[in-house]
Structures are given as structure tokens and as C-alpha cells.
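Numbering (mature numbering (1 follows the signal peptide of the UniProt record, and there is no 0)), first residue to last: -21 to -1, 1 to 584.
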């Protein structure tokens, strides 16, 4: 306790001296603290919510126990009415503690940090200033031989406390701190959950991929393709790729109640607080939850994921925000999603061994198996589709078998036709293509939300909705679309709006959606008319799904995709622009089929 008392005196003296030295030029809002609340942490690990920070109590200090290794994580649980007012965090390993950072600092990237990226903080000697990343901050040392002290304050700087920035901030700023000598109590995964799709009241959400598991390449002379009905591999318990554990939970919140509205996207504390009172993904809303990681190829990645189907959502374009968290405290980054209109007719369809890349709403017959909560309350009168109609199974199976016969005529595994693709790659791309054209994805009549907090101020939103029952009307609509696209057919502009990866600060909406009206007698594949018993709006497959087959397969198979210049090309596939390098719905060549804000413009990975 003597050391803590000395630290208090030194800190107090520091503020008095700095404020006195600048009194001739500073305003009256720069003041020295009248008292210094200090919290001594006796043992590790510790997780505690600190006393609220406000105008009356703008700062506090912490004295941490000495340890060879130390993991410090901080989460902002709540902010004041001034959401731009974030507490400053200074950390000192000096003895006695010194929190003066000075003007000559460097970025420290050597002492731990996020799950896959370095810390964000400035360093000056033995003093650090931690940087908040959307409500999360951390500091790590694996070779520590000194005491550690923290100073946390509002309006804190080397000059003292600037009370003017606190005066107009009603409410409290609350910080949660986690301390451990073994591993971080909280951490961030750099990955996102994957939105399968939504209906008017339900959503299909996949975890980030937990274990990559590509298919094993066969070899010559026994080059054998997988069966149409894949034998899915079993999950082997191990350390997941993007998380600490496979015991995962989904947190789904109404976006207008979400901590993201305050910029606290990465704060476990803030997300959990809202989830406890406003969360949708409770036992009374879960329609389906995979019991263990399952192999699939949704999102264009082959491997194991867990997934949830959540009910009880509000129809009509209601926005929700979703996170995934594991039982070791690792939080994913958030994604956004929007419900469909009340009249949306289609059903969520889960990945199957025949079509492992399918995970969206499709116009299949309703599965009227009701789902109830553990207490017996009705969650949903229907269940997601987990078994495909036999007519679809037969068509996809026969297509795969016939294609494999043609493909084996190229002496797979012996004669190399490509430096980057194999016969299995070709067969896999064909499977994805045939599943997407056989199992249509339903589109929504709702436009891309104009109220999205992430929309661009200058967006070119190209869309096409055509009527499948009127050929002339369809052609006229496509002609209008081509004129619209041609007006914007500047390669640099297209590449600007179809970035490979939309970052947090790049608020660009995708084009589309590209849809076509179907009836129960005008299916994409006429032989499947009896399967689809109601009218629906089809979201056209991305041109990239066809291009992937053309690119991966031997030229002798003569598999060809429509040319963008052909008048009727937009009847079958979604694309924009005339430049083949962009606008096909793939992440590698341009604007992906979907983004993390729930916008989807074509049916693709």
C-alpha cells in the first residue's frame, strides 16, 4: 500500500506542476484533479467493471500485480451523450509510474495485440497510450519484470484534465478491464460471420470458417471424382482457424439498439449488455442450430462452420446486427442484415451433401414442421429446407454424372491442361454452377436500404427486374439496363465502386439486385415447373459462377458462358459493364455478390 500511496502523490504532483507551468496560456478549463481514485488489483486473472467516468469523476488509476506475462484488455461498456468522447488510457511500466507521453512517440507493434494484428498504441520509453478500436483496446507483454500502472481519464492529456470536453457530455463512460497472465480474457477475431439469407421473419447465419478442409485431389491412374452425394468429412477437434473454441454463440440485435450506433462494434461488454435485454438469438428464437461444425462450401470457402436459423424477426426491411462469440471470449466483427417484405414467399434452404454451397432462400415447397421453444412456445410454424425435392436431386445427380464422364476423357491427373486448375477443380466449379441454376435464389422487392448507415453519398446502383412472362417487356427492360450501364462504362469508375474488399471506412453499396419475375409455370428449367408451386422473384446467378467453370475446365469440353454484348445475356446471369475484368459478382475480379451489410445483387459465393 506504501507504493500505491507514493504513486498517488507523484501523480498528483505531476498534474499540479504541469497545470501551473501552463497557467499563463491555458484556459480555465484545464484543471488539476482534486483527488485520484486508485484501484489496486491484487490477483490475476481479474475481470472488473470500473467506476463510471463523468464530469465529477473524470479519471482513475489502477495498480496491477507484477507478473512475468500480462495481458490487458479493455472494453467500453457505454458512452456518454457525447459519443466522440473516449477515455484516454496511459500505461506505465516505470517505477515510480510516469504517465507523461510527450510529443515524440512511436507506434509499438512488438508486444502482442489482436488475434492476428499488432497492438494499436503510441509509446514513449516506458509509457504507452492505448488506442481504442471501436470500443476495444489492449496491451500485452510476455517478458515483464516491472510493476504496471494505468491511468484512465476523460479529457486527459499531458497538460492535465480538459473539463470543457466533459461539460456537455451527459451520462457515464463505463470501462471493463480484463487482466490475465495466461491469455487475453477478451480478444477479437478479424473475421466476420456469413449471412446465408433472410426471409420476412427468419435469418440463416453461418459462423466464420473454423477449419479449412479442401477436398483431396485424386491421382492418376485411379482418378475418381466424388459421388454426387458427397461423403462429408467429420470434424476433428483442434484449435479453430479463426477462433479459440468451437463452442460458439450467436448474438443478434436490432440495429437501432446496437452498440454499433455508438461506434462500439468491437466491445464485448457493450454487445453483451444489449444482448441481455434486446437480443433476438435466445432459445425462444432459435429455429435450428448445428450441434457441431459441419463441412460445407458456402461463401466460396471449403471447410467447417456452425450455423443458426433464427426466427421471430420483424418483417419489412428491419435491420439487425450480428456477432459470433466463443466461450473463450473471442468476438467476431459484426455483420448487418435486413428482413424481406411481408409477402416474401420463399424458404431458407440449408447446405446438403449434394449442394454444399447452397445456403439461401429458394422457392421450394414449404417444410411445415413446426418448431417450438424448450418451454413449448411456438417459434415458427415452418422449418428450413434440409432435404431437396427428388426432382432436383435427380436432375443435379444426372448432370454431375454425365459431366464427370465427359471430363474423364481428358486423362485427368496425367495430362496437364492448366497450371492452376485440375479436373477436380473443374468438377467442383460445375457442381456449384449446376446447383445455383437448378435451385434458384429468391430476390426481394425491397430496394437497397436508403437508411443504411453505411451507404455511399455517390452510389451507382444498377439493377434489373424483368418479367419472365412477357418477352418483349423483358427485352425492353434489358435494353434500358444496357443503356444505363453503358453510360457508366468507365473502367476506372467501375473498379472504384466494385472494390475487392469493403473496409470499414469505404461506405460503398453494391449494384443491383438483378432479378427476374418467375411464375409457377415459368421456371428457369421447364422440367422443374412442378417443383415450384408459387410465384417468386429470382435473383439471377452471378456471371462469375459460369465463368468459374469456363476458367477451371479443359477447353475441349466447350463449356461457354454468355457474352456480355449478347442482347439476352441478362436473362440468365447478373453482371454489369462490358469489361470482362469487372462486374461479374466475384471477389477476385470486382464487386462481390454480397457485402457485410446484407446487400446482395446476384446469386454467387
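Note that beta-carbon positions come from the ideal geometry of N, C-alpha and C, so glycine has one too.
- DSSP, read as helix, strand or coil, puts residue 526 in helix.
- In the structure shown, residue 349 falls within a coil segment according to DSSP collapsed to helix, strand and coil.
- The beta carbons of residue 66 and residue 132 sit about 6 Å from each other, so the pair counts as a contact at 8 Å.
- Pairing residue 230 with residue 186 gives a Cβ-Cβ distance that is not under 7 Å.
- In this chain, the beta strand (DSSP E) harbouring residue 268 covers 265 to 268.
- Scanning 406, 310, 147 and 49 for the CA closest to the CA of residue 536 turns up 406.
- In this structure, residue 115 lies away from residue 61, with their beta-carbon atoms at least 7 Å apart.
- Distance from the Cα of residue 168 is smallest, within the candidate group 303, 129 and 103, for 303.
- In the DSSP annotation of this structure, residue 116 is not part of any alpha helix (DSSP H); the continuous beta strand (DSSP E) holding it starts and ends at 115 to 120.
- According to the DSSP secondary-structure assignment, residue 497 is paired through a beta bridge with 515.
- A residue is called buried when at least 16 other Cβ atoms come within 10 angstroms of its Cβ; residue 553 meets this threshold and is buried.
- Take residue 584, set aside five residues on each side of it, and the residues of its chain with a beta-carbon closer than 7 Å to its own are 278, 279, 336 and 572, in chain order.
- In the three-state DSSP reduction, residue 374 falls in the helix class (H, G or I).
- In the DSSP assignment, residue 247 falls within the alpha helix (DSSP H) that extends over 247 to 257.
- DSSP places residue 143 inside the alpha helix (DSSP H), whose first and last residues are 143 to 146.
- Contact between the stretch 132 to 149 and the stretch 253 to 267 is absent, with fewer than three C-beta pairs closer than 8 Å.
- Per the C-alpha coordinates, the member of 170, 110 and 542 positioned closest to residue 220 is 170.
- Residue 499 is a Cβ neighbour of residue 511, given a cutoff of 7 Å.
- Proximity of the stretch 384 to 391 to the stretch 195 to 214 meets the contact definition, three or more beta-carbon pairs being nearer than 8 Å.
- In the three-state DSSP reduction, residue 109 falls in the strand class (E or B).
- For residue 520, the three-state secondary structure derived from DSSP is strand.
- DSSP places residue 56 in no alpha helix (DSSP H) but in the uninterrupted beta strand (DSSP E) bounded by 49 to 57.
- In terms of Cα proximity to residue 356, the closest of 118, 191 and 291 is 291.
- Under the three-pair Cβ rule at 8 Å, the stretch 17 to 29 counts as touching the stretch 37 to 47.
- Nearest Cα to residue 108 within the set 126, 125 and 79: 79.
- In this structure, the alpha-carbon of residue 378 lies about 46 Å from that of residue 235.
- The shortest C-alpha to C-alpha distance from residue 190 to any of 83, 493 and 222 is the one to 222.
- If you look at residue 406, you'll find it in the alpha helix (DSSP H) that goes 402 to 417.
- Two segments are said to touch when three or more pairs of C-beta atoms, one from each, lie closer than 8 Å; by this definition the stretch 135 to 144 does not touch the stretch 241 to 251.
- DSSP, read as helix, strand or coil, puts residue 179 in coil.
- One Cα belongs to residue 287, the other to residue 63, and the distance between them is close to 35 Å.
- With respect to the 7 Å criterion, residue 358 and residue 266 are classified as neighbours on the basis of their beta carbons.
- By alpha-carbon distance to residue 375, the top candidate from 394, 208 and 340 is 208.
- Proximity to residue 396 across 350, 331 and 530 peaks at 530, based on C-alpha coordinates.
- For residue 421, DSSP records a beta bridge to 517.
- Listed in chain order, the beta strand (DSSP E) elements of length 3 or more contained wholly in the stretch 313 to 347 are 314 to 317, 326 to 328 and 339 to 341.
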